[in-house]
């Protein structure tokens with residue numbers, strides 16, 4: 001059975017964002033990425049340091065967002 005759901009036919013687009021000492025800019029960066037016109041996206045944020053609060057700032061509650069802290 002063929003699906004008529006347009007969103008299911010849109011390809012998934014992955015966006016990777018590296019964050020190291022980006023506490024000041026990461027939230028704006030994430031919000032801009034979430035505002036993309038392409039609807040089927042996953043944003044992966046790799047926070048590379050515990051020296052700042054980039055992970056906490058980037059950890060916005062959104063199903064398209066996957067922050068990681070290493």
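Residue numbers (full-length UniProt numbering): 1 to 70.
Ideal Cβ positions, reconstructed from N, Cα and C, are used throughout, including at glycine.
Check: What distance in whole Å lies between the Cβ atoms of residue 48 and residue 13, which are believed to be in contact at a cut-off of 8 Å?; Outcome: Incorrect: roughly 23 Å between the Cβ atoms, too far for contact.
Check: Within its chain, find whatever has a CB closer than 7 Å to the CB of residue 18; leave out the 5 residues flanking it on each side and keep chain order.; Outcome: 46, 48
Check: Do residue 15 and residue 31 have their C-beta atoms within less than 8 Å of each other?; Outcome: no
Check: Going by DSSP, what residue range makes up the beta strand (DSSP E) through residue 70?; Outcome: No beta strand (DSSP E) contains residue 70, which DSSP labels as neither H nor E.
Check: Does the separation of the CB atoms of residue 64 and residue 43 fall below 8 Å?; Outcome: yes
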